[in-house]
Amino acid sequence: MQRDKMRALTLTALFTALVFVGTYVVKIPLPFGYTHIGDSMIFLAVMVLGWKRGAAAGAVGAALADLIGGFAVWAVPTLIAKAAMAAALGLMLNRRPFGLRGRALWIVGAAASAIVHAAVYTLATLLIYGGPAAITMLPAELMQSAVGMAVAFVLAEALQKTALAESFAYTTHGKEAGA
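If you're matching positions, the sequence shown starts at 25 in this note's numbering and goes up one per residue.
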């Protein structure tokens, strides 16, 4: 029991760091912020850790990148958007809407979480910069999520062929932890 808790804490910290690095180091500047590949690490964190720990790792890692990277105005919206994105993916993976399984379920879940992510950031942009900026940034938000989905899917498919697959809370093949 104690070993399982330590492993979960260690993996959560590792994914927090991976999200931070993917967000902070790999930055592509945009007019009102930047885009990055940190979302791919959040999608992967949900698959490995489950949605609650994945949401914590994603929200904290990405918000820290905003704070340290000079985008403090985005830290709170990022915290909310990344946690909501992870929760949406986890909810879809848990509920299995329309009887979906495996890769189809993962893709639909990731797409739904990308829409949640874009909605939160669009609302934040609207509140911070106004309507024109929010409309301008929406395609970039959706593109960031799409790239994150693609990178995470490729990484997940590769990692599921290793011994690490047994650590996954969810897989793209429809297996749940312990199944």
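Every residue gets a Cβ at the ideal spot worked out from N, C-alpha and C, and that includes glycine.
(message) Rounding to the nearest angstrom, what Cα-Cα distance links LEU11 and GLY155 in this structure?
(response) Nothing can be reported for residue 11: it is not among the residues displayed for the chain, which extend from 25 to 203.
(message) Just to confirm, is the Cβ distance from THR40 to ALA81 under 8 Å?
(response) Reading the sequence shown from its first residue, position 16 is the one you call residue 40. Reading the sequence shown from its first residue, position 57 is the one you call residue 81. Yes; because the gap between Cβ atoms is below 8 Å, this pair is in contact.
(message) What does the Cβ neighbour count give for LEU103, buried or exposed, with the cut at 16 atoms within 10 Å?
(response) Position 79 of the sequence shown holds residue 103. LEU103 comes out buried.
(request) Measure the alpha-carbon distance for THR196 versus ALA96 and round it to whole angstroms. (result) Mapped onto the sequence shown, residue 196 falls at position 172. Mapped onto the sequence shown, residue 96 falls at position 72. Straight-line Cα distance between these residues: approximately 35 Å.
(message) For VAL70, count the other beta carbons within 10 Å of its own beta carbon; 16 or more makes it buried, fewer makes it exposed. Which is it?
(response) Mapped onto the sequence shown, residue 70 falls at position 46. It is buried - the Cβ of VAL70 has at least 16 other Cβ atoms within 10 Å.
(request) Tell me, please, whether the region 115-133 touches the region 151-169 by the rule of three or more beta-carbon pairs shorter than 8 Å. (result) no
(request) Would you mind working out which of MET25, GLY94, ALA32 sits nearest LYS51, comparing C-alpha positions? (result) Along the sequence shown, read from residue 1 onward, the residue named residue 51 stands at position 27. Measuring from the Cα of LYS51, the nearest candidate turns out to be GLY94.
(message) Suppose contacts are defined by Cβ-Cβ distances below 8 Å. Is VAL140 in contact with ILE61 by that definition?
(response) Here the question's residue 140 lines up with position 116 in the sequence shown. Here the question's residue 61 lines up with position 37 in the sequence shown. Not a contact, by the Cβ cut-off of 8 Å.
(message) Our contact map puts SER64 next to ALA176 with C-beta atoms below 8 Å; I'd like the distance itself, whole angstroms only.
(response) In the sequence shown, the residue the question calls residue 64 occupies position 40. In the sequence shown, the residue the question calls residue 176 occupies position 152. That belief holds up - the Cβ atoms of SER64 and ALA176 are roughly 4 Å apart, short of 8 Å.
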